[in-house]
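Participant: This structure is in structure tokens; I'll ask about it shortly.
There are 2 protein chains.
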Amino acid sequence: MNSNQTMVKMVFDRWNSLLKSFDTTLNSFTDEQLEKETAPGKNRGIYLLGHLIAVHDAMLPLLDLGSKQYPELHKIFIESTDKTISEIPSAKELRAFWNAQKESLTEKFNKLSADEWFEKHTSVSAEDFAKEPYRNKLNIILTRASHLAYHQGQFMLLK
Amino acid sequence: MNSNQTMVKMVFDRWNSLLKSFDTTLNSFTDEQLEKETAPGKNRGIYLLGHLIAVHDAMLPLLDLGSKQYPELHKIFIESTDKTISEIPSAKELRAFWNAQKESLTEKFNKLSADEWFEKHTSVSAEDFAKEPYRNKLNIILTRASHLAYHQGQFMLLK
């Protein structure tokens with residue numbers, strides 16, 4: 000295992016563990032529980048679920064792995080705060096998106112070699128990347144992992 | 000910047016950003032706000048603060064950077080759940096510990112070179128580390144960063 004492989008394993012161990020933890024929590028909730036607020040006046044579980052799907056979907060173009068698969072979620076779950084848009088996908092629909100996305104992301108991620116994870120992501124220029132090599136694809140996973148942990152902390156409160 | 004330096008920067012950028020974010024939130028709260036529960040029946044802000052100090056303190060022996068500085072917090076904030084021990088340090092005391100720890104950890108962390116962050120931590124044997132090189136010191140920071148993000152998500156709900 001060379002040093003790039005070691006680092007990729009470290010970051011993906013975090014990512015996969017957090018994803019699994021969210022998944023377990025999600026599967027323990029009924030659709031009614033997802034309608035509850037995490038704390039009085041705060042985001043509902045269903046909003047957090049949609050928000051995570053939308054944020055993870057946006058990684059695809061950033062990682063040069065294709066277009067978004069759920070572009071319609073951006074306006075509802077990233078641009079808008081919870082309870083400002085009345086027509087949102089149902090818990091059942093979002094659960095299906097979550098499950099399909101889990102498989103699809105894993106499949107796409109597995110195609111990249113350790114060295115490719117250290118290549119630049121699509122929102123940094125080659126010129127800037129030469130000076131700032133930490134703006135690589137793996138850093139996208141690292142930052143999204145801590146974003147996921149942040150919301151998992153809140154999601155757990157629905158229990 | 001060699002590849003180990005790049006990885007150390009990636010992980011510490013996360014760690015420092017999360018620490019700063021928690022710090023900003025903490026400073027925006029009054030001591031009375033810290034006494035509130037993050038959600039009905041869940042951990043109080045003051046418990047989360049003590050818990051993070053105790054968890055971060057436990058990194059010191061794990062990273063071979065000396066003994067714990069607040070060993071008395073382990074029983075209260077790691078072994079015990081919130082509201083099961085009546086005598087706990089005050090918000091004022093915990094804020095002082097938090098601030099002192101922030102400086103102390105940064106000072107100790109800055110002494111390690113990028114290559115040293117990829118050496119084994121103290122709870123893995125040399126034999127196991129040869130097969131599992133991802134059980135290094137940097138991985139301790141990586142996992143504690145996502146732990147911090149998880150609780151920061153909850154701490155924010157006190158607002």
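Residue numbers (numbering that gives the first Met the number 0), protein chains in the order written: chain A, 0 to 158; chain B, 0 to 158.
The C-beta atom is built at its ideal place from N, Cα and C for all residues, glycine as well.
Note that the structure is a prediction, hence the values are computed from the model and not measured.
Just the C-alpha distance for Asn3/B and Ala38/B, rounded to the nearest angstrom, thanks.
Facilitator: Asn3/B and Ala38/B: Cα-Cα distance of roughly 41 Å.
Participant: Using only alpha-carbon positions, find the residue among His50/B, Lys107/B, Lys119/B that is nearest to Gly65/B.
Facilitator: The shortest C-alpha separation from Gly65/B is found at Lys107/B.
Participant: Decide yes or no for the touch test of the region 0 to 16 of chain A against the region 125 to 143 of chain A: beta carbon pairs closer than 8 Å, at least 3 of them.
Facilitator: They touch, by the three-pair rule.
Participant: If I measure Cβ to Cβ from Ala53/A and keep anything under 8 Å in the same chain, skipping five residues before and after, which residues do I get?
Facilitator: Closer than 8 Å at Cβ, skipping near neighbours: Tyr69, Leu72, His73, Ile75, Phe76, Ile77.
Participant: What are the complete beta strand (DSSP E) segments, minimum 3 residues, inside the region 56 to 140 of chain B?
Facilitator: Listed in chain order, nothing qualifies, since the region 56 to 140 of chain B has no complete beta strand (DSSP E) run of 3 or more residues.
Participant: Which partner residues does Glu36/A have in the DSSP bridge list?
Facilitator: The partner list for Glu36/A (beta bridge, DSSP) reads Arg43/A.
Participant: Considering just the uninterrupted stretch of the alpha helix (DSSP H) at Phe28/A, what are its terminal residues?
Facilitator: Careful: Phe28/A lies outside any alpha helix (DSSP H) and carries neither H nor E.
Participant: Relative to the C-alpha of Glu92/A, which residue among Gln153/A, Ser27/A, Met155/A, Leu33/A is closest?
Facilitator: Here the closest residue by C-alpha is Leu33/A.
Participant: Any beta carbon of chain A sitting closer than 8 Å to that of Arg13/B?
Facilitator: Yes, contact with chain A.
Participant: Measuring alpha carbon to alpha carbon, tell me which residue in Leu48/A, Leu25/A, Lys119/A, Arg143/A is nearest Asp63/A.
Facilitator: Taking only the C-alpha atoms, the option nearest Asp63/A is Lys119/A.
Participant: Report the residues of the region 25 to 56 of chain B with a CB closer than 7 Å to any CB of chain A, ordered along the chain.
Facilitator: Here the close residues are Thr37, Ala38, Lys41.
Participant: Can you tell me the Cα-Cα spacing of Lys101/B and Met58/B, whole angstroms?
Facilitator: Cα to Cα, Lys101/B sits roughly 13 Å from Met58/B.
Participant: Ala113/B versus chain A: which residues are under 9 Å apart at the beta carbon?
Facilitator: Result: empty, since nearest Cβ-Cβ is about 10 Å, beyond 9 Å.
Participant: Please work out which residues of its chain come closer than 6 Å, Cβ to Cβ, to Trp14/A, disregarding the five sequence neighbours upstream and downstream, and give them in chain order.
Facilitator: Once the five neighbours on either side are set aside, the close Cβ partners of Trp14/A are Ile140, Ala144.
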